[in-house]
Amino acid sequence: MNFPPFDSALEKHYYKIWQSRGHFEVDSDHSKPPFSIMMPPPNVTGRLHMGHALTLSLQDILVRFKRMDGYRVLYQPGLDHAGIATQNVVEKQLLAQGVKKEQIGREAFIQKVWEWKEACGGQILEQMQELGVSCAWSRLRFSMDAGLEKAVKIAFKAWFDQGLIVQDTYMINWCCKDGALADIEVEYEEELGKLYYLRYPLEAGGEGVVATTRPETFFGDVALMVHPEDERYKHLIGQNALLPLTQRPIPIIADSYVDPSFGSGCVKVTPAHDLNDYGVGKRHNLTPLVIFNEQGVLNTHAGEFAGLDRLEARPKIVKALQEGGYIQEIREHPHQVGVCYRCHNPIEPYISKQWFVKQEVAKGSIEKMAQGLAQFFPPHWRNNYNAWMQELRPWCISRQLWWGHRIPVFTCANKHQFVPQDAPTHCPTCGDTSLEQDPDVLDTWFSSGLWAFSTLGFGQEGLEGFEGVKFGANDLKDFYPNSVLVTGFDILFFWVARMLLSGESLLGALPFKHIYLHALVRDEKGEKMSKSKGNVIDPLELIKTYGSDSVRFALAMLCVQGRDLCLNPKVLEQAKHFSHKLYNAALFLSAQTAQKTTGFSTSLGAYAKSRLNATTKEVRHALELYRFNDAATTLYRFFWGEFCDWVLEFSKAYKNSQEAPLVFGELTSVFQGGLKLLHPFMPFISEYLHQSLGKSALENSPSIMLSPYPKDTTQNATLEARFNLMKESITALRRLKILLNAPLESATIESPTPLEVEDLQCISKLSKIPNISTTQSKPPKAISDRGELGVVHVSLEGVDVSGLVKRLKAQLEKLQKEQTKLNLDNPQFLAKAPKALLESLQERNKTLLEKQAQVQKELFMLEG
């Protein structure tokens, strides 16, 4: 049978068939053990990137494996409303029409966002399908659908009623564009800024010099501060300094927080605009002085600079300070600058009244994690998690946006605050009917933190039949805790830690048994991908070039636990060649006359089955430990290095024999078993070849997805030893034929492993040496090639090897001279040579040594 090559059109065709048959949906058979995994919900504004491609590929490998292995699988898909990002998209669209959101009002704006979401949002879902992701699409959830909105309110109310959610005034991270941010939403970038040394006149005469990177904030200074043991400044403690330009007096205080070695050893204290100064101000009862508003615009405390943006004002303020003689010097100063993770605008520490979740909410999850009730893969992430949780601070959950879950706190005219279960009509404390809901929305990560159970119907009883809300009545009992979480390590604190504390606090159990955190996907040089560097790799383009299966398999091969993936095109090419190798192997098998069989009576068929079983054992073990690279590498080695390179090679010795139909029937069965092992990694090509070898089309036959995942791990050690000796002997004989460059009529094999007559016949056919026999000793005047399992002897009777010996000695001498020219034994050269040159020379030296060893081995065989 000849079947056409596989192509991307067939990928789409197969995916539609799988989906239409409901193969991705949750099995109705409740007798099967449950397996659940949550897709990290991508932003509704998102496009598939390499991080998504890796996470989804790894999740789908596990999901397909468990589904074939007899589990009742839930692979939960979803989308996140992405508060800041989505609001920005729609705001920009309105601004392009000359309309600000304030002109149309909150309700109309939110309606516009919903319209955009329905029309354009979620394109990433279609892109996921190109990757072959087999999630339960009928259960697709959106983080603001009716059910999840109810779940968020119930979670908020539970924490509010327990006193775990409070409104308070703290110093927070403030983005002048996007509003309040949690600590982990601040990214830090290296910036070559400036250190300004400002002169502060003293009331008693003289001056103090203060170093600062943000001169515009000096209007908010309420004190100067020195270390209490700093001899330079002890005499100034208790005196007043005068603020430059305004001459406002401020006290000089002492605090051991000051580092005497930084700058001048004297620092300014600006409690309203610096996190550390905020703490100092509280210790010394200093009143914070706010100098700009939420948009970063300076107020009247800045005098003539009022009305200017604080960054726009900086050069003007510096100029005024210079003209007044208040700047001693300005130095270049590299430092870390906090920026908004969304818009990358500089973050300002800002005192603001916000809603916070107290750190006490995490007490139970910390204790259960310490008891080992959930396990990290790789295990070192447990230390990172523990360290962060021990330093946990209140979580700022209010955001100054319109798009998102509205904070469900109502306040009556008498200032009573409450969170109602349903739409309120009056205050439960005083009965007042004049109610106002908090205008802010919740941090997106608040609703995402509930994802492990909100998608399973938490708090949504009675909503099961509503349009857009899909879940089973018993899902929470069946699928919580989830079996495993697979995601990137970079959202350990954004998402993973918050799901852990949310699940434990609200349901009393950690949300996952296993947490697998993969590393970053970098470019081939190991550089982090970024638009500014121009090295971003689009997975959709890779799929177009290499095919979905090749991209998935390459990512799996590269995914070593705890190590970043460097996406080298060579690995993608390797995966694509692997796909072609599989196709050619199937083509070869389909061309043979094969007898269908369930047993393995021929030695070659039994050997191939034994190697398949060994591969099954390794792949299963690797998948259970989330060692995706080990599993993929094992499959690659089996198909290419064992089945194609050797089993099919051995089969050629049977092509014209009476056993041929039985042998090829058994080998086809082994190959199809291997395709089942491979299916989770390469779903499309495995399905195609499975159907093609079965001489059927997927439209008319069951999918490979419905096949049981191979379980047999028994091996035949005696048979494997025979075939390993055969492989070693054939390789040695071919090597000797090349070395001697002469036709050989006979050879003998010396080994403790017994060989059957059919084995010797096979060796003879594949080495093309007519007479092969076994021996217990080396024949006289013979050349020998010793391997791990035995020794191959070829008689040199009548063969003149003197010319060959002479040539090999000349070759060895040439290699040694070339090695000497590398100059690697010269200490002076080694000390001065560039690193890149040395690495190149050392690599060449390694190659020369390997070649010398091979020539010396050949000389030993000829002369020894």
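Those letters in the sequence shown? Residues 1 to 864, per the UniProt record's numbering, in order.
We treat Cβ as the ideally placed atom computed from N, Cα and C, and that holds for glycine.
Residue j beta carbon less than 9 angstroms from that of residue i
i	j	result
ILE253	VAL226	yes
LEU62	VAL484	yes
VAL222	PRO271	yes
ASP549	MET682	yes
TYR75	PHE24	yes
CYS559	ASN629	yes
TYR278	ILE347	no
LEU859	LYS781	no
ASN794	ALA747	It should be noted that the sequence gives Val, not Asn, for residue 794. It is a contact, given that the beta carbons lie within the stated cut-off.
PHE639	LEU582	yes
PHE458	ALA155	yes
GLN856	LEU812	yes
LEU321	LEU202	no
ARG199	ILE291	no
ARG141	LYS477	no
SER590	PHE3	yes
THR593	PHE650	no
TRP388	LEU492	yes
VAL337	GLY193	yes
ALA151	LEU392	no
Whole-angstrom distance between residue j and residue i, CA atom to CA atom
i	j	result
LEU725	PRO511	51 angstroms
LEU507	PRO378	26 angstroms
THR774	SER751	8 angstroms
GLY404	SER686	43 angstroms
ASP29	GLN371	34 angstroms
ARG139	GLY220	53 angstroms
ASP168	ILE17	55 angstroms
LYS32	SER134	19 angstroms
GLU367	ALA509	11 angstroms
ARG21	PRO702	10 angstroms
GLU745	GLU863	21 angstroms
VAL258	LEU298	28 angstroms
GLU107	CYS427	24 angstroms
Neighbour-count burial assignment, residue i, 16 or more Cβ in a 10 Å radius
i	result
VAL26	buried
LEU386	In the sequence on display, residue 386 carries Asn and not Leu. ASN386 should be labelled exposed.
ASN474	exposed
GLN354	buried
ASN293	exposed
VAL799	exposed
VAL113	buried
LEU849	exposed
VAL521	buried
VAL280	buried
Helix, strand or coil at residue i [DSSP, three-state]
i	result
ALA591	coil
PRO34	strand
SER701	coil
GLY51	helix
ASN771	strand
GLY449	coil
TYR188	strand
LEU517	strand
GLY281	helix
ARG342	coil
PHE356	strand
TRP395	strand
PRO827	helix
HIS405	coil
TYR75	strand
SER784	strand
Residue i at chain C interface by Cβ criterion, 9 angstroms
i	result
SER746	Reference to chain C is not applicable here, since this structure consists of a single protein chain.
Residue i Cβ short of 8 angstroms to the ligand SAH heavy atom set
i	result
PRO77	Questions concerning the ligand SAH fall outside what the structure shown contains, since it holds no ligand whatsoever.
Item to complete: Inspect the CB distances between the segment 7-27 and the segment 417-425 and report whether three or more fall short of 8 angstroms.
Response: no
Discussion item. With a threshold of 8 angstroms, are at least 3 pairs of Cβ atoms found where one atom belongs to the segment 503-515 and the other to the segment 79-93?
Written reply: no
Discussion item. If contact is defined by three or more beta carbon pairs under 8 angstroms, each pair taking one atom from either stretch, is the segment 535-543 in contact with the segment 384-397?
Written reply: no
Discussion item. Any contact between the segment 182-189 and the segment 334-351? By contact I mean 3 or more CB pairs, one from each, below 8 angstroms.
Written reply: yes
Worksheet item: With contact counted as at least three CB pairs below 8 angstroms, one residue from each stretch, are the segment 755-765 and the segment 824-835 in contact?
Response: no
Worksheet item: Counting pairs of Cβ atoms below 8 angstroms between the segment 720-740 and the segment 33-42, do you hit three or more?
Response: no
Worksheet item: Is the segment 702-721 touching the segment 733-749, taking contact as three or more C-beta pairs under 8 angstroms?
Response: no
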